[in-house]
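Following: one structure in structure tokens, then a few remarks.
Protein chains: 2
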Amino acid sequence: MKYCCQCGSKVRIGVPQGDDRSRHICDACGTVHYINPKVIVGCIPVWGDQILLCRRAIEPRLGFWTLPAGFMEMGENLATAASREAMEEANVEVEIDTLYHVFSLPHISQVYVFFRARMVKEIYFPGYESLETRLFLQQDIPWDDLAFETVRRSLAYFFADRENGEYVMRIEDV
Amino acid sequence: MKYCCQCGSKVRIGVPQGDDRSRHICDACGTVHYINPKVIVGCIPVWGDQILLCRRAIEPRLGFWTLPAGFMEMGENLATAASREAMEEANVEVEIDTLYHVFSLPHISQVYVFFRARMVKEIYFPGYESLETRLFLQQDIPWDDLAFETVRRSLAYFFADRENGEYVMRIEDV
């Protein structure tokens, strides 16, 4: 951030009165600009024994496999955001199930929220951000070609929990 | 947002190619500005049978009672943010316990994340954003003078769960 988005003046970096962190401050109009972590919401779409993954058509990690997930938008709740992302990336209708994983990624200031989800019908095809969408059995998951550590960990927990017969909500750092 | 924070030019509102939502777009430098929901993180600090509340010294809801909570900052994880807020608002050292409530507030594009927490010692006093800090027994909770519906609901669930002998993680819209 170099300019004030309210008045267009140059901003400076400083600690506002009563604060203890550096912020972007506009001396012209007095606005303090706060930048905060973003929320990424996704789901594990389940169809019988299979999981739906998407191969990314966009950077970062173009060509790698991921769970449908993306930035939560203004005016959404978490579950709505998760089902919207599934529809956008895989044209799949899901019923959102329980909250499943909450990952903090402090190094990139993101919070990942994953739900378990049931595919309503066996219909899916790539959206704008996907090259390919495909159902995978556990033994076919492309572990070496997953896009993100959050996705790898979420899938690993899912299969372990499924084998144990109990899905455990986890909150962790990645 | 009226000006581009990267180059200072006026922005326009439009739907970028491949997107389906209106964003602030800078035609001068090509930046698309995304605005996303913010995360508010807090805790329920427990000392024996009592809960620590803070009376707000700042707007909104100046003078009303709240749980220590605030905006998650860049580079934090959720639990760290919750304990930092407890220290900032009530100078209380807490051990963060389980994730307890996740509230979506789509009308103001916020996600509230509350943890249960144990006070490490019976030391607390108002921080910069608090007029007063106080331990409350259940029967003394100032229900009519709570600052936010999220706080009211979180406390109500807490006391109900405590009576039932089981703390249940909840994810809801407020």
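As they're listed, the protein sequences go chains A and B.
Note that our numbering has the first sequence beginning at 419, numbered continuously upward.
Note that our numbering has the second sequence beginning at 419, numbered continuously upward.
Think of the CB as a built atom: it goes at the ideal place given N, C-alpha and C, for glycine as much as any other residue.
Every value quoted in this text rests on a predicted model; they were computed, and no experiment measured them.
Euclidean distance between Cα positions of residue i and residue j
i: Ile-443 (chain A); j: Thr-449 (chain A); result: 6 Å
i: Cys-423 (chain B); j: Glu-581 (chain B); result: 51 Å
i: Pro-478 (chain A); j: Leu-470 (chain B); result: 44 Å
i: Pro-544 (chain A); j: Val-433 (chain A); result: 46 Å
i: Trp-483 (chain B); j: Thr-551 (chain B); result: 9 Å
i: His-525 (chain A); j: Gln-557 (chain B); result: 43 Å
i: Ala-508 (chain A); j: Trp-465 (chain A); result: 13 Å
i: Asp-563 (chain B); j: Ala-475 (chain B); result: 14 Å
i: Thr-498 (chain A); j: Asp-515 (chain A); result: 11 Å
i: Arg-441 (chain B); j: Leu-480 (chain A); result: 24 Å
i: Glu-540 (chain A); j: Glu-590 (chain B); result: 28 Å
i: Tyr-575 (chain A); j: Arg-502 (chain A); result: 23 Å
i: Ala-578 (chain B); j: Arg-430 (chain A); result: 49 Å
i: Ala-500 (chain A); j: Glu-567 (chain A); result: 18 Å
i: Arg-439 (chain B); j: Arg-536 (chain B); result: 43 Å
i: Ser-427 (chain A); j: Met-587 (chain B); result: 46 Å
i: Ser-527 (chain B); j: Glu-494 (chain A); result: 7 Å
i: Glu-506 (chain A); j: Tyr-546 (chain A); result: 7 Å
i: Ala-565 (chain A); j: Arg-570 (chain B); result: 40 Å
i: Gly-583 (chain B); j: Gly-583 (chain A); result: 24 Å
Beta-carbon spacing of residue i, residue j below 8 Å
i: Val-459 (chain A); j: Ala-487 (chain A); result: yes
i: Arg-534 (chain A); j: Tyr-585 (chain A); result: yes
i: Cys-461 (chain B); j: Ala-446 (chain B); result: no
i: Val-531 (chain A); j: Val-520 (chain A); result: yes
i: Val-592 (chain A); j: Leu-485 (chain A); result: no
i: Glu-455 (chain B); j: Met-419 (chain A); result: Residue 455 (chain B) is actually Pro in this sequence, not Glu. Against a cut-off of 8 Å, the Cβ pair of Met-419 (chain A) and Pro-455 (chain B) comes out as no contact.
i: Val-512 (chain B); j: Met-490 (chain B); result: no
i: Pro-463 (chain B); j: Val-510 (chain B); result: yes
Residue range of the alpha helix (DSSP H) that includes residue i
i: Ala-574 (chain B); result: 567-582
N- and C-terminal bounds of the beta strand (DSSP E) containing residue i
i: Val-531 (chain A); result: 528-537
i: Arg-552 (chain A); result: 548-554
i: Glu-590 (chain B); result: 588-591
i: Gly-426 (chain A); result: It is not in any beta strand (DSSP E) - Gly-426 (chain A) carries neither H nor E in the DSSP assignment.
i: Ile-372 (chain A); result: A query on residue 372 (chain A) cannot be resolved here, the shown segment of chain A reaching from 419 to 592 and no further.
For residue j and residue i, believed in contact at Cβ under 8 Å, the rounded distance
i: Ser-572 (chain B); j: Cys-472 (chain B); result: That pair is no contact at about 14 Å.
i: Val-529 (chain B); j: Leu-517 (chain A); result: Contact flag wrong, Cβ pair sits at about 12 Å.
i: Phe-554 (chain A); j: Gln-468 (chain A); result: 6 Å
i: Tyr-421 (chain A); j: Tyr-421 (chain B); result: 6 Å
CB contact check: residue i to chain E, cutoff 8 Å
i: Tyr-421 (chain B); result: The structure shown contains no chain E; the protein chains it does contain are A and B.
Residue i: CB within 7 Å of a non-hydrogen atom of the ligand GTP
i: Phe-554 (chain B); result: Of the ligands one can find in the structure shown there are none, so the ligand GTP has no counterpart to examine.
* Return the chain-ordered ranges of every alpha helix (DSSP H) run that is complete within the region 449-512 of chain B and spans a minimum of 4 residues. => 496-508
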